[in-house]
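Residues -18 to 470 (this note's numbering) make up the sequence shown, in order.
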Amino acid sequence: MNRLIVVSNRLPFALDSTGEDLWTVTPAVGGLVSAIEPVLRERGGTWIGWPGTAGEIPAEPLAKATRHAGYKVVPVALSETERDEFYYGYSNQVIWPLFHDLQNFCNFDPTYWQAYKQVNDRYADAIARCAQPDDFIWVHDYHLMYVAQALREQGVSRKLSELTFFLHIPFPPYDIFSKLPQQQRLLRALLHFDLIGFQTRRDVRNFIQCVRRLMLEAKVVPRRNLQLVRFEKREIRVGHFPIGIDFDSFENGARSDTVAQRSQQLRATFPGCQLILGSDRLDYSKGIPERLRAFRTALERHPELRGRVVLIQVVVPSRVLIPRYHEFKDRIDRLVGDINGRFSTSTWLPVQYHFRSLDRDDLLAHYRGCDIAFVTPLKDGMNLVAKEYCACRIDNDGVLILSQFAGAAEQLKPGAVLVNPYDVEQLGDAILMAFRMRQAERIARMKRMRRVVREENVFWWVDSFLKAGATMAAKSARVLGHRSARIAR
Ligand code: GDG
């Protein structure tokens, strides 16, 4: 088995300075970390990434944070300016909103692109320093789309077998992607990888459409599983690999005594009510205000829900240094206040709102204790909350209301109640439908979803990606062997 080198913008924890020489280590919250961490813990390998603090990285706290990780950690340092222009700038004010079809939220500041390339070069340096020829190099996500080109420009790529990439967020259709000032440069950069993985078939279609329209010299060879793009004498494979979760760990966690007890406590706090759960990072792509407006509409239009349902909305703080995220939080706060002000009674508060991260047992207790999960992103690469909810429904009961624009909808549509997150009336009706759904139907739907989430779990995802990469590597090794034989002659 080749050594696995995972490269992502963030490491699975954040170092925070709390004073001179005082550091705290906090586990990072987010889909990428939730998926990759169990894999590296099980297989071992190396994780290259940024520990979330600007400036020099303190050696001792880093060593302490990674001592028991089960894999090697290679940190990449970012200065404050790089953090602002690469991370908060190009990554999160250009690519993130654009790729979620929210082009009005973009800030196309031209300085951001330079910072993006510069920091991608830094990650390429880190890879070059620690990679060996047979390593499987797996670069992750939208922050690092320029890394393969940087490695090739440094001449390092020739010594490495294959460069692979997985995009965790959606890839937009041509009409939206073409608004990017660096549209061709970015696409060309991506085509320096040998294998490019997306979450869904729709993302692959969008990417191929952009390649066809913007890279006229590229030739696309349609295949059933992996598409082939021939470009500058190289072959790039493109496929969809829907990310999964560590199903057993969620299911076993949900069965534990602590979680059982906490979920009972949660239910006992709201006697006679069905509990609806929303849990997201603070992000405008997650559709939180639309969801709250839908809940308000449901209470207005369907009086039978009043006093009988409670929406528990957890919002995990994220990217709080970007001004738009502040405004966005204010909107959420106002909507929660409005709903609770209008509908609450002396014994019933319709929205329970937590602006913080729950610890793992608490999160699992919420999954286990809530009757309905309300997962309505405006657009989402996959959405792991939807899958984690299913894994924790150990009694096979529960309803998942899921946005048709979440990648997870492609796999979970046979069991979920699919909705358009922009249509607040339809969302409100979906709440009523979930509230009234008979147990037999709930169980039939949940069983279907649990089967998919169990089978297509995170280890299945990694294996299918590594297999696609390994087939390719074997092929190119044969080609390389053939070539060197010719040179020897
Ligand atoms: C990106 C893509 C794609 C949530 N609340 C708490 C908490 N969480 C954890 C969940 C879950 C993760 O955060 C969120 O993952 P998502 O997939 O829903 O969303 P993103 O962070 O945006 O992830 C996404 C993913 O990458 C993987 O490819 O699915 O589309 O945007 O794992 O468990 N964790 C804790 N407390 C909470 O309150 N500890």
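Think of the CB as a built atom: it goes at the ideal place given N, C-alpha and C, for glycine as much as any other residue. These figures come from a predicted structure and were not determined experimentally.
Cβ of residue i versus every heavy atom of the ligand GDG: is any distance shorter than 7 Å?
i, result
"M126", "no"
"S230", "no"
"N364", "yes"
"D361", "yes"
"I76", "no"
"S182", "One point to set straight first is that residue 182 is Arg, not Ser, in the sequence displayed. Not so, every heavy atom of the ligand GDG lies at least 7 Å from the Cβ."
"E369", "yes"
"A16", "yes"
"V295", "yes"
"R64", "no"
"S260", "yes"
"S338", "yes"
"G350", "no"
"L247", "no"
"R341", "yes"
"G12", "yes"
"G388", "yes"
"L344", "yes"
"H149", "yes"
"I177", "no"
"I224", "yes"
Between which two residues does the alpha helix (DSSP H) harbouring residue i extend?
i, result
"L167", "164 to 171"
"K368", "365 to 373"
"I424", "420 to 436"
"W329", "Taken as a continuous stretch (DSSP letters only), W329 belongs to no alpha helix (DSSP H), as it is neither H nor E."
"L413", "405 to 417"
"I303", "First-last for I303: undefined, no H or E at that position."
"P91", "91 to 111"
"A40", "40 to 47"
"R133", "128 to 134"
"A390", "390 to 393"
"I157", "155 to 158"
Considering just the uninterrupted stretch of the beta strand (DSSP E) at residue i, what are its terminal residues?
i, result
"E285", "Element bounds for E285: n/a, residue is neither H nor E."
"T5", "3 to 8"
"N233", "N233 -> not in any beta strand (DSSP E); alpha helix (DSSP H) instead, spanning 228 to 236."
"G12", "No beta strand (DSSP E) contains G12, which is instead part of the alpha helix (DSSP H) from 12 to 24."
"H347", "Looking at the DSSP string, H347 is not in any beta strand (DSSP E); the run it does join, the alpha helix (DSSP H), is 341 to 350."
"I257", "255 to 262"
"K200", "200 to 202"
"D(-3)", "-6 to 0"
"N187", "Not the beta strand (DSSP E): N187 falls in the alpha helix (DSSP H), residues 182 to 195."
"F179", "176 to 179"
"P402", "Here P402 belongs to no beta strand (DSSP E), and DSSP marks it neither H nor E."
"P56", "53 to 56"
"F80", "Where F80 is concerned, there is no enclosing beta strand (DSSP E), although the alpha helix (DSSP H) it sits in stretches over 77 to 80."
"N(-10)", "-15 to -9"
"L209", "208 to 212"
"F117", "117 to 121"
"E216", "215 to 221"
"A354", "353 to 356"
"V137", "First-last for V137: undefined, no H or E at that position."
"F30", "Here residue 30 is Gly; the residue named in the question, Phe, does not match the sequence. 27 to 31 is the extent of the beta strand (DSSP E) around G30."
"L83", "Neither: L83 is in no beta strand (DSSP E) and is coded neither H nor E."
"F146", "144 to 147"
Under 8 Å by Cβ, that's how I've got residue i and residue j pegged, so tell me the actual separation to the nearest angstrom.
i, j, result
"F146", "V120", "5 Å"
"W388", "T181", "Strictly speaking, residue 388 in this sequence is Gly, with Trp absent from that position. Right, their Cβ atoms sit about 5 Å apart."
"P162", "F89", "6 Å"
"V202", "L209", "4 Å"
"F222", "S60", "Actually they are not in contact, since the Cβ atoms of F222 and S60 sit about 34 Å apart, beyond 8 Å."
"I118", "I224", "Incorrect: roughly 18 Å between the Cβ atoms, too far for contact."
"I177", "I217", "6 Å"
"Y68", "G26", "Rounded, the Cβ-Cβ distance is 24 Å, inconsistent with contact."
"F386", "D352", "F386 to D352, Cβ: 24 Å. No contact."
"N(-17)", "D115", "5 Å"
Any chance the CB of residue i is under 7 Å from a heavy atom of the ligand SAH?
i, result
"W77", "The model on display carries the ligand GDG but not the ligand SAH."
(message) Between the region 276 to 294 and the region 319 to 338, can you find at least three pairs of beta-carbon atoms closer than 8 Å?
(response) yes
(message) With three or more C-beta pairs closer than 8 Å as the rule, is the region -2 to 6 touching the region 130 to 145?
(response) no
(message) Counting beta carbon pairs with one atom in the region 316 to 325 and one in the region 211 to 223, are three or more of them shorter than 8 Å?
(response) Short answer: they don't touch.
(request) Decide if the region 342 to 360 is in contact with the region 250 to 269; the criterion is three or more beta carbon pairs, one per stretch, under 8 Å apart. (result) yes
(message) Would you call the region 402 to 411 in contact with the region 349 to 366, where contact means no fewer than 3 C-beta pairs closer than 8 Å?
(response) yes
(request) Evaluate contact between the region 124 to 138 and the region 99 to 109, counting only Cβ atoms and requiring at least three cross-stretch pairs below 8 Å. (result) yes
(message) Measuring CB atoms only, is the region 277 to 292 touching the region 47 to 64, in the sense that at least three cross pairs come out at less than 8 Å?
(response) no
(message) For the pair the region -14 to 1 and the region 321 to 328, tell me if three or more CB-CB distances fall below 8 Å.
(response) no
(message) Using 8 Å as the cut-off, can you tell me whether the region 27 to 37 makes contact with the region 148 to 168, which would need three or more C-beta pairs spanning the two stretches below that distance?
(response) Output reads no: the region 148 to 168 does not touch the region 27 to 37.
(message) Pairs of beta-carbons, one from the region 363 to 381 and one from the region 423 to 436, closer than 8 Å: are there three or more?
(response) yes
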